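First comes the structure, then the notes that go with it.
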Amino acid sequence: MFFSFKKSEMIPPERALAGRPDAIPTAERHFVNNIPLMGPYPDGAETAVVAMGCFWGAERVFWRQPGVFVTMVGYAGGYTPNPTYREVCSGQTGHTEVVGIVYEPEKIGFEEVLRLFWESHDPTQGMRQGNDLGTQYRSAIYTTTPEQMAIATASRDTFQQALTRQGFGTITTEIAEAGEFYFAEEYHQQYLAKNPGGYCGLGGTGVTCPGTVEERSTSA
């Protein structure tokens, strides 16, 4: 049953939908590069999980990036186990639409992943992104290592300074340790490769993210 409430407000855990015990069906392989979505991954590969509005356009940003091994879309940051897209869009699971990014650190660092993240959307909009309104469109970084957490918070603070200089407001991006990642349905995986003329509401602020943590510490 779907209760009535504002989709721009996070639902309390006790009111979230019950979900289901088993994962919903999804694709086995990446539509663009034919790599298995669930591995195996290269030795030393790391995973990043980010949310920046509709995951169709967000995923395309990263699968095009050299050093990224494979990408997938799903749901994270909420309460309902194994949610469907319809349930997430109702606002009653607490999840946001996310991109899982498996990358090879010797080819691309987490700082570069974050640069793409910050520059490809507006992280100051709260529970929306452009015309897409709802908690499932909130900006988020879900970290998978303590190092990622430290880099993410430092990167946020640095980008905030750049945004403030250009007249933007406060970053609302949620930064937290990654919880469960639930794969989205097969038709959402690499959606814009399957549907080149499909909807993409992604848009950045036009503000450039300053250099990496290493570059800043070297120039300090």
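With my numbering as the guide, the letters of the sequence shown map in order to residues 1 to 220.
Even for Gly, the Cβ is constructed at its ideal location relative to N, Cα and C.
In this text the structure is predicted, and so the values were computed from the model without any measurement.
Between residue i and residue j, what straight-line distance do the alpha-carbon atoms span, to the nearest angstrom?
i    : j    : result
L17  : E46  : 31 angstroms
G91  : G179 : 18 angstroms
I175 : N195 : 31 angstroms
T96  : G78  : 7 angstroms
F221 : I24  : With the chain represented from 1 up to 220, any question about residue 221 goes unanswered, as that position is not in the structure.
T144 : W63  : 19 angstroms
Y182 : G19  : 11 angstroms
E147 : S155 : 12 angstroms
N33  : D43  : 19 angstroms
R15  : G39  : 34 angstroms
With a cut-off of 8 angstroms on the beta carbons, I'd call residue i and residue j a contact; round off their distance for me.
i    : j    : result
T226 : P83  : The chain is shown only over 1 to 220; residue 226 falls outside these bounds and no answer can be derived.
E104 : G67  : 6 angstroms
P210 : T158 : 5 angstroms
Y142 : E177 : 7 angstroms
E162 : T208 : According to the sequence as given, residue 162 is Ala; it is not Glu. 7 angstroms between Cβ atoms; contact.
Quick check on the burial criterion: 16 or more other C-beta atoms within 10 angstroms. Buried or exposed for residue i?
i    : result
G198 : exposed
E9   : exposed
R138 : buried
E87  : buried
G206 : exposed
P123 : buried
G167 : exposed
G57  : buried
P12  : exposed
CB-CB under 7 angstroms to residue i, same chain, minus the five flanking residues each way: which ones, in chain order?
i    : result
Y85  : A184, E185, H188
G41  : The displayed chain sequence assigns Tyr, not Gly, to residue 41. F69, V102, listed in sequence order.
K7   : G91, L133, G134, T135
E59  : T71, V73, V99, Q190
G53  : H121, Q129, G130, D132, Y137, G201, L202
A27  : L37, E186, Q189
V113 : A48, I101, Y103
R29  : I35, P36, L37
L192 : W56, G57, R60, G198, C200
Skipping 5 residues on each side, what residues in its chain have a beta carbon closer than 6 angstroms to that of residue i?
i    : result
V98  : V49, A51, G74, A76
V61  : L116, S120
F55  : V73, E97, V99
A152 : I141, T143, I175
M127 : S8, T135, R138
W118 : F159, C209
Per DSSP, which one or two residues make a beta bridge with residue i?
i    : result
I101 : A48, T71
G174 : In the sequence on display, residue 174 carries Glu and not Gly. DSSP output for E174 lists A140 as bridge partner(s).
F183 : G74
Q92  : Beta-bridge pairing links Q92 to no other residue.
L133 : R128
R29  : P36
Identify, in the order they occur along the chain, each residue of the same chain with its Cβ nearer than 8 angstroms to the Cβ of residue i, setting aside the five sequence neighbours on each side.
i    : result
C89  : G134, Q136
P21  : P81, N82
Q125 : S139, T172
T170 : T124, Q160
I108 : Q65, P66, G67, V68
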